[in-house]
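Student: Numbering (the working numbering), first residue to last: 19 to 323.
Just so you know, even glycine gets a beta-carbon here, dropped at the ideal spot from N, CA and C.
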Ligand code: GAL
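1. Output the distance between the C-alpha atoms of residue 187 and residue 302, rounded to the nearest integer angstrom.
2. Please output, in chain order, the residues near ligand 1 using a CB cut-off of less than 7 Å to any non-hydrogen atom of the ligand.
3. Does the region 230-247 come close enough to the region 276-290 that 3 or more CB-CB pairs lie under 8 Å?
4. Could you compute how far the alpha carbon of residue 178 sits from the alpha carbon of residue 234?
5. Tell me, to the nearest whole angstrom, how far the beta carbon of residue 219 is from that of residue 318; I am working on the premise that it is less than 8 Å.
6. Mind checking which residues open and close the alpha helix (DSSP H) that includes residue 77?
7. From residue 48 to residue 266, what distance separates their C-alpha atoms?
8. In whole angstroms, what is the alpha-carbon distance linking residue 243 and residue 251?
9. Out of 107, 315, 160, state which residue places its alpha-carbon closest to the alpha-carbon of residue 225.
10. With a floor of 3 residues, list each beta strand (DSSP E) that falls wholly inside the region 78-122, ordered by position along the chain.
11. Taking DSSP's pairing of strands, which residues face residue 65 in a bridge?
12. Under a three-way DSSP split, which group does residue 25 fall into?
13. Can you name the residues that DSSP bridges to residue 169?
14. Does DSSP put residue 267 in a helix, a strand or coil?
15. Just to confirm the assignment, what range does the beta strand (DSSP E) spanning residue 275 have?
16. Please return the same chain residues whose Cβ sits closer than 7 Å to the Cβ of residue 52, not counting the five positions on each side in sequence.
17. Thinking just about the alpha-carbon of each residue, which of 121, 166, 292 is nearest to the one in residue 75?
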């Protein structure tokens with residue numbers, strides 16, 4: 019590399035999903051590439067002095083309603099004289115058989131490091147370097163793509179690791195696609211259809227734009243994140259901008275997931291698992307859409323409809 023040449027912001031194939039520091043709880047994030055055997059999730063934090071309970075959920079999806087399945091619910095409880103952990107699975111809105119582990123090495127006021135190590139048949143959990151429990155999967159691990167942390171916990175860091183990044187790494191980080199990028203919608207959009215766009219925000223981003231176009235390249239609806247002023251907006255066919263009042267959840271060099279759910283006469287938006295409301299779009303215009311076009315300062319890893 020010659021002096022002054024800019025570093026390539028594209029990650030090496032074995033670099034893992036960036037850790038997240040001090041996220042605000044409740045915290046929900048996409049597990050990039052989903053879970054598979056050989057993956058580890060590290061959680062570093064502190065149990066508040068007045069903690070009642072917290073939970074770490076490995077979820078199959080991120081919708082708020084209906085509630086997604088939870089393949090593995092890890093729930094330390096501190097409000098009894100004997101702190102313990104409850105593990106369970108939520109399937110079709112129902113909790114399954116609960117498993118209880120006493121002798122929890124976590125106390126109110128103490129800091130901790132929990133490792134979730136995902137194997138082929140079960141997940142193993144260690145607390146402060148000591149093996150604590152194992153839990154056999156009741157739902158396929160491959161369905162898990164979201165991590166949710168809720169309740170009384172101060173999270174210092176969340177990390178996503180592979181046991182052997184050099185072996186697993188290439189699977190973890192498929193090659194990203196450059197933008198602008200176009201994705202065909204041969205049948206248009208119909209109620210119930212979901213579009214998922216996952217990617218990485220590049221350094222010094224300017225905007226991220228998802229526009230839905232018809233055959234004549236008119237875009238009845240466009241979603242735009244503008245980094246200069248930190249706004250999210252819907253843009254109509256005539257260029258009218260309707261601001262979305264929601265926190266700006268895009269950060270340079272962080273992964274994101276945009277989900278667009280088509281419903282009768284409109285589109286619902288979720289960003290990193292948080293619902294951000296809906297915009298109305300004429301149903302006929304939705305049916306006549308033929309192209310999903312993505313542009314801006316991002317690298318794409320997954321686009322599907
Ligand atoms: C329930 C509790 C849920 C979950 C579940 C696990 O009693 O309300 O939040 O922890 O137990 O079995």
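Tutor: For this structure:
1. No answer about residue 187 holds up, because its pLDDT of 42 lies below 50 and its placement is not dependable.
2. 73, 91, 93, 104, 106, 113, 116
3. By the criterion of at least three beta-carbon pairs nearer than 8 Å, the region 276-290 is in contact with the region 230-247.
4. Distance from the CA of residue 178 to the CA of residue 234, rounded to the nearest whole angstrom, comes to 43 Å.
5. About 11 Å separates the two Cβ atoms, so there is no contact after all.
6. Careful: residue 77 lies outside any alpha helix (DSSP H), inside the beta strand (DSSP E) at 72-78.
7. Within the model, the alpha-carbon separation for residue 48 versus residue 266 is close to 16 Å.
8. Answer to the nearest angstrom: the Cα atoms are 7 Å apart.
9. 315
10. Entirely contained in the region 78-122, the beta strand (DSSP E) runs reaching 3 residues are, in chain order, 87-95, 102-109, 117-119.
11. Its beta-bridge partners do not exist; DSSP assigns none.
12. Unreliable placement is indicated for residue 25, whose pLDDT of 38 sits below 50; the coordinate value is still reported in the next sentence. Looking at residue 25 - three-state DSSP - the assignment turns out to be coil, as it is neither helix nor strand.
13. Beta-bridge pairing links residue 169 to 72.
14. coil
15. It spans 273-281 - the beta strand (DSSP E) in which residue 275 sits, taken as one unbroken run.
16. 160, 162, 163
17. 166
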